[in-house]
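Residue numbers (this note's numbering): 679 to 1088. No residue lacks a Cβ here, since even glycine has one placed at the ideal position from N, Cα and C. Remember, predicted model here, so these are calculated numbers, not experimental data.
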Amino acid sequence: MPPPLPRILAVTSHLMPTFARVHLAFERGEGVWLVATNGDRYLDFTSGVAVNALGHAHPHLAAALAAQAQKLWHVSNLFDIPEDERAAQRLCEASFADVVFFCNSGAEAMEGAIKTARKYHSANGAPERYRIVTFEGAFHGRTLATLAAGGQKKYLDGFGPVVEGFDQVPFGDLAAVKRALGTQTGAILIEPVMGEGGVRVVEPGFLKALRELCDTHGLLLIFDEVQSGMGRTGWLFAHQRTGVTPDIMALAKALGGGFPVGAVLATHEAAKGMTAGTHGSTFGGNLLAMSAVNATLDIMLEPGFFERVQRTALVFKQKLAELKDRYPSLIAEVRGEGLLVGLRALIPAGDLVDALRAEKMLTVAAGDNVVRLLPPLIVSEAEIAEGVARLDRACAKLKAAHAPKQEVAG
């Protein structure tokens, strides 16, 4: 019997060190503001990485969760869950979809979407059509299959053989997509707006071309709207601004307004293989999650909600464009849709994130040296102005810090 592994005595935390955490903790929040344990107030333009779409401690969400918590938390999917049915109906009525599968996270939603696409072809008598075309720079989750779909080496290293069945092509390269198609291809998977990949917006014409390829070759089109969905771009779903609809879509992050929940949406045809026993989830569709989803939809589906997000986003982009003009040595580009905004930096993006945190404003980095700005969708124009003012102060300090010595002296 092998000897036991030595125990590390100098443990400062019993959490696995898989996150490079900032040593900052919060005890409460309200709207777009967070209050740290030391009492400092922070303007939250991270929203839990596009999760807290309705801000912190939203009274309607809090009341819905509290009311459900006094009744039932969980009964399992062995029984009917009326709130589950209601949430699914509302999502379908607001989208292209006919059916919904509820799970607990974005990675689970993407796994479900991948399985749904593979099962569709198997149900049609073509199980060999399991391969999915994906795009370089994408991020689809942290499970083995979703890491393979993203194809990024830094996330795949050390986890053994890469899950088979994904063919990455360059972002926006339609000719490469066509070359990648073969007799085993079953689907094309894309984020309408890449979040982690650098807030890169896919052109509507490119999505239309992918839709046409799928229709021509009998493929399914899968949209990953885990980050871009649920109002983040000023539409309930990002693809709605393009007029292109998928066959399958994954949602999570803002779906529950901050409560962990994910979903796979699909047409009847695309989901034809997902029969009893083919997929499941112990916690998926639980009563607490469904109360959060329905409460979130209550707010987002109110008349005028998305028009307000679009107006606020336009003001934000205009102010950011002015900021870029003031600091051309720091900011190369303002990109994104709605309140999913990125600043491509000319200095390390982490430096700008740190400088903003020093100004008591929370942001998050992304690929392509981008800083993401993800305020809650309920942010006011006054709070947008406050955020831009803090950005201005951070940029002014960074400009001075990065200026040549002779320029500073002058």
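Can you list, in chain order, the residues of its chain whose CB lies under 7 Å from that of Arg820, leaving out five sequence neighbours each side?
Result list for Arg820: Ala785, in chain order.
Apart from the five residues just before and just after Asn1141, which ones in its own chain have a Cβ nearer than 8 Å to its Cβ?
No information on residue 1141 is available, as it lies outside the stretch 679 to 1088 that the chain covers here.
I think Trp711 touches Leu702, with their Cβ atoms under 8 Å apart; what is that distance to the nearest whole Å?
In fact, because the Cβ distance is near 14 Å, the residues do not count as touching under 8 Å.
So Asp868 packs on Ala795, CB below 8 Å; how close in whole Å?
Correcting the residue type first, residue 868 is Ile in the shown sequence and not Asp. About 13 Å separates the two Cβ atoms, so there is no contact after all.
Where Met872 and Phe817 are concerned, what is the direct C-alpha to C-alpha distance, given to the nearest angstrom?
Their backbone Cα atoms lie some 8 Å apart in a straight line.
In three-state terms, what does DSSP make of Gly803?
If DSSP states are grouped into helix, strand and coil, Gly803 belongs with coil.
Hey, would you say Lys793 sits closer than 8 Å to His946, going by beta carbons?
Their beta carbons are not under 8 Å apart, which means Lys793 does not touch His946 by this criterion.
Tell me the DSSP secondary structure of Gln767 in three-state form.
In the structure shown, Gln767 sits in a helix (DSSP, three-state: H, G or I).
Between Ala948 and Leu898, how many whole angstroms is the CB-CB distance? I'm expecting something under 8 Å.
Yes, they are in contact, since the Cβ atoms of Ala948 and Leu898 sit about 6 Å apart, within 8 Å.
What did DSSP end up calling Met952 once you bin it into helix, strand or coil?
Here Met952 sits in coil by DSSP.
Would you mind stating whether Leu1052 and Phe723 have Cβ atoms separated by less than 8 Å?
Contact flag set, yes.
State the Cα-Cα distance for the pair Leu693 and Ala735, rounded to the nearest angstrom.
So the alpha carbons of these two residues sit roughly 26 Å apart.
Quick check on the burial criterion: 16 or more other C-beta atoms within 10 angstroms. Buried or exposed for Gln905?
Gln905 should be labelled buried.
Note down the Cα distance separating Thr974 from Val1019, rounded to an integer number of angstroms.
Spanning the two alpha carbons is a distance of roughly 22 Å.
Is the beta carbon of Gly936 less than 8 Å from the beta carbon of Val729?
For Gly936 and Val729, yes; Cβs fall inside 8 Å.
For Trp913, I'd like the list of residues in its chain whose CB is within less than 7 Å of its CB, leaving aside the five on either flank, ordered along the chain.
Cβ within range, chain order: Arg919 and Phe984.
Which residue comes first and which comes last in the alpha helix (DSSP H) that contains Gln996?
Taken as a continuous stretch (DSSP letters only), the alpha helix (DSSP H) holding Gln996 covers Phe983 to Arg1004.
Using only CA atoms, which one of Pro981, Asp718, Ala745 and Phe704 lies nearest to Ala652?
Past the edges of the chain, shown from 679 to 1088, lies residue 652, and the structure says nothing about it.
Between Leu929 and Leu1017, what straight-line distance do the alpha-carbon atoms span, to the nearest angstrom?
So the alpha carbons of these two residues sit roughly 17 Å apart.
Quick check: the Cα distance between Ala865 and Val1048, rounded to an integer number of angstroms?
If I take the Cα positions, the gap works out to 29 Å.
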